[in-house]
Amino acid sequence: MTATDLTAAGTHAPLSAAELVAVRADFPLLSRTLRGGRPLVYLDSGATAQKPDPVLDAEQDFYLQRNAAVHRGAHQLAEEATLAFEDARAQVATFVGADEDEIVWTSNATAAINLVAYAISNATAGRGGAAARRFALAPGDEIVVTESEHHANLVPWQELAARTGAVVRWIEVDDDGRLRLEQLATVVTDRTRVLAFTHASNVTGAVTDVAAFVARAREVGALTVLDACQSVPNLPVDLHALGVDFAAFSGHKMLGPTGVGALYGRRELLADMPPVTTGGSMVEVVTMTETTYAPPPQRFEAGTMMVAQAVAMGAAAQYLGDLGMHGVAAHERELAAELLKITEIPGIRVLGPLDTVDRLAAVSFVVDGVHAHDVGQVLDDAGIAVRVGHHCAQPLHRRFGVAASARASASVYTTVDEVVAFRESLGTVRAFFGL
Numbered sequence: 001m002t003a004t005d006l007t008a009a010g011t012h013a014p015l016s017a018a019e020l021v022a023v024r025a026d027f028p029l030l031s032r033t034l035r036g037g038r039p040l041v042y043l044d045s046g047a048t049a050q051k052p053d054p055v056l057d058a059e060q061d062f063y064l065q066r067n068a069a070v071h072r073g074a075h076q077l078a079e080e081a082t083l084a085f086e087d088a089r090a091q092v093a094t095f096v097g098a099d100e101d102e103i104v105w106t107s108n109a110t111a112a113i114n115l116v117a118y119a120i121s122n123a124t125a126g127r128g129g130a131a132a133r134r135f136a137l138a139p140g141d142e143i144v145v146t147e148s149e150h151h152a153n154l155v156p157w158q159e160l161a162a163r164t165g166a167v168v169r170w171i172e173v174d175d176d177g178r179l180r181l182e183q184l185a186t187v188v189t190d191r192t193r194v195l196a197f198t199h200a201s202n203v204t205g206a207v208t209d210v211a212a213f214v215a216r217a218r219e220v221g222a223l224t225v226l227d228a229c230q231s232v233p234n235l236p237v238d239l240h241a242l243g244v245d246f247a248a249f250s251g252h253k254m255l256g257p258t259g260v261g262a263l264y265g266r267r268e269l270l271a272d273m274p275p276v277t278t279g280g281s282m283v284e285v286v287t288m289t290e291t292t293y294a295p296p297p298q299r300f301e302a303g304t305m306m307v308a309q310a311v312a313m314g315a316a317a318q319y320l321g322d323l324g325m326h327g328v329a330a331h332e333r334e335l336a337a338e339l340l341k342i343t344e345i346p347g348i349r350v351l352g353p354l355d356t357v358d359r360l361a362a363v364s365f366v367v368d369g370v371h372a373h374d375v376g377q378v379l380d381d382a383g384i385a386v387r388v389g390h391h392c393a394q395p396l397h398r399r400f401g402v403a404a405s406a407r408a409s410a411s412v413y414t415t416v417d418e419v420v421a422f423r424e425s426l427g428t429v430r431a432f433f434g435l
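Numbering (the UniProt record's numbering), first residue to last: 1 to 435.
The structure is reproduced here in structure tokens:
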């Protein structure tokens, strides 16, 4: 999403009070109480989101009515299972602005990013024939990431560099947690073969200017890999319009189940990529000496897939799409403004932008004199669930000079009243520790 698109989303009306009541009624877990009868305030959606009834029903319905292996049976159940599996692929593709054959099912976003990295590694090793040579790396080639990446979009590239002799470089962030776009011109060079970057930071909530990254990558002929884990659940995302080559996102952060994610790849790139995981279901002809492989996306889907989870991820895409992602984004913007009011509490430091421009409602913070885990414990005692630790982003925390932080992250079902309750409890933390 570009800044212009975000501005458009910001001018859209957020979910109405009636819509929000209806949405919350779809999430059974939100009605439970915690220790001492306290109502749950769930502000850890950046780690994993809660699941609405249509998603839960879709997964259960598959097992109750259609459970069978896909793409390998001739009986009615197998046909129905295959149809549900491929319908879900189409639902997810439509939701992110892609074509069906550009969506590869994976176990999660981390697996999706690793799939791209290992395919490049295999191409470098000579696998995939002449078509795959476009991906091969040579010693001294460069892979560029950013200082904002969580480990899933950093470690696979470090490993790829170690296997190929390539070098990892990175774009830094400024003191507000924004990526330093001026470094694109100097860090991304003619030696850059891959430019991998987050669409939205899971720590700072800052949204990347994707257009600037894609434009620079095209100037030097580099592939772009977008980590869309945080953006797909919260913003309108059109991958064709963004122009990226690959994108990864997970089901569980977009109201779907765990154990499923997706890799988007431009059709012509997937067609030239060598497989990574080999075995059943991804082949055309197998002899005792050689194998030819199925076209994508099946080429990258070896073995029995997570069919029920994929069907439920399709239901999640349909659920969010029916709500309207511009309204969801506007709701997100409203919640971000409410969360950022914690800066009015003495002793609170926010890691990331202090305004709502191009940022999500994921706000990481430190409390002077109190460890993040102790902050989380005090909030938990009040029924408020937040994330604590380094959020799988140690380099970014090191950039801010802290080892850990607490993070409050919202979703489509989060209310302003919940954020107010969070702020009130956060305001008691330092006093609790006698500060």
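Using N, Cα and C, we set each Cβ at its ideal position, and we do this for glycine too.
Residues in its own chain within less than 6 Å of Phe246 by CB, not counting five upstream and five downstream? Val116, Val225 and Gly265
So what does Thr146 bridge to, in DSSP terms? Ile171
Quick check: what's the CA-CA separation for Ala8 versus Ala241? At Ala8, the pLDDT of 47 sits below 50, so the modelled position is not reliable; the number obtained from the coordinates is stated separately. Straight-line Cα distance between these residues: approximately 15 Å.
On the criterion of 16 or more Cβ atoms from any shown chain inside 10 Å, does Ala123 qualify as buried, or is it exposed? buried
Classify Thr287 as buried or exposed, calling it buried when 16 or more other Cβ atoms lie within 10 Å of its own Cβ. exposed
For the structure I just gave you, are there three or more beta carbon pairs, one from the segment 187-195 and one from the segment 141-148, closer than 8 Å? yes
According to the Cβ coordinates, are Met313 and Val92 closer than 9 Å? yes
From Pro257 to Leu360, what distance separates their C-alpha atoms? 22 Å
Got a sec, what are the start and stop residues for the alpha helix (DSSP H) Tyr63 sits in? Unbroken run through Tyr63: none, as it is neither H nor E.
Does the structure place the segment 403-412 close enough to the segment 45-53 that three or more beta carbon pairs sit under 8 Å? yes
Label Glu334 either buried or exposed according to how many other C-beta atoms from any shown protein chain fall within 10 Å of its C-beta, with 16 as the threshold for buried. buried
For Met1 and Val210, what's the separation of their Cα atoms in angstroms? Only weak support exists for where Met1 lies, its pLDDT of 45 falling under 50; the coordinates are left without a value.
Taking the Cβ atom as the reference point for each residue, do Leu29 and Gln50 lie within a distance shorter than 9 Å? yes
Could you spell out the range, first to last residue, of the beta strand (DSSP E) harbouring Thr208? Per DSSP, Thr208 belongs to no beta strand (DSSP E) and is neither H nor E.
With DSSP collapsed to three states, give me the class of residue 511. Examination of residue 511 is not possible in this model, given that the chain is present from 1 through 435 alone.
The alpha helix (DSSP H) enclosing Thr414, as first and last residue numbers: That residue, Thr414, is in no alpha helix (DSSP H); it is neither H nor E in DSSP.
Measure the CB-CB distance between Cys229 and Phe197 and report whether it falls below 9 Å. no
Is any non-hydrogen atom of the ligand ADP found closer than 8 Å to the C-beta of Glu159, if you look at the structure I gave you? Among the components modelled here there is no ligand, and therefore nothing to report on the ligand ADP.
Contact between the segment 167-186 and the segment 333-347 (3+ Cβ pairs under 8 Å): no
Using beta-carbon positions only, say whether Thr106 and Val260 come within less than 9 Å of one another. yes
Neighbourhood of Ala131 by C-beta, 7 Å cutoff - its chain only, sequence neighbours within 5 removed: Asp272
Can you look up Pro28 in the DSSP assignment and give me helix, strand or coil? helix
Let me know if Ser405 comes out buried or exposed under the rule of 16 or more other beta-carbons within 10 Å of its beta-carbon. buried
Could you name the residues of the same chain whose beta carbon sits closer than 6 Å to that of Asp368, not counting the 5 residues immediately before and after it, in chain order? Gly347
Cut-off 6 Å between Cβ atoms - residues of its own chain near Ala200, not counting five sequence neighbours on either side: Val207, Gln230, Ser231 and Leu360
Val96 to Arg430, Cα distance in whole Å? 43 Å
Close Cβ partners of Gln318 (< 7 Å) along its chain, the five nearest in sequence each way excluded: Gln91
Under the rule that 16 or more other beta-carbon atoms within 10 Å means buried, what is Glu301, buried or exposed? buried
Does Met1 come out as helix, strand or coil in the three-state DSSP assignment? Per-residue confidence for Met1 stands at a pLDDT of 45, beneath the threshold of 50, marking its modelled position as unreliable; the derived number appears in the next sentence. Coil.
Proximity of Asn234 and Ala329 at Cβ, strictly below 9 Å: yes
Determine contact between the segment 303-312 and the segment 61-77, defined as no fewer than three beta-carbon pairs at a distance below 8 Å. yes
Just to confirm, are Arg163 and Ile171 a CB contact at a threshold of 9 Å? no
Kindly list the residues whose CB is nearer than 6 Å to the CB of Lys253, restricted to its own chain and excluding five residues on each side of it in sequence; keep chain order. Ala49, Cys229 and Pro233
Using the C-alpha atoms, what's the distance from Gly177 back to Pro353? 6 Å
Quick check on DSSP: helix, strand or coil for Glu284? strand
Just mark Tyr118 as buried or exposed, buried being the case when its beta carbon has 16 or more other beta carbons within 10 Å. buried
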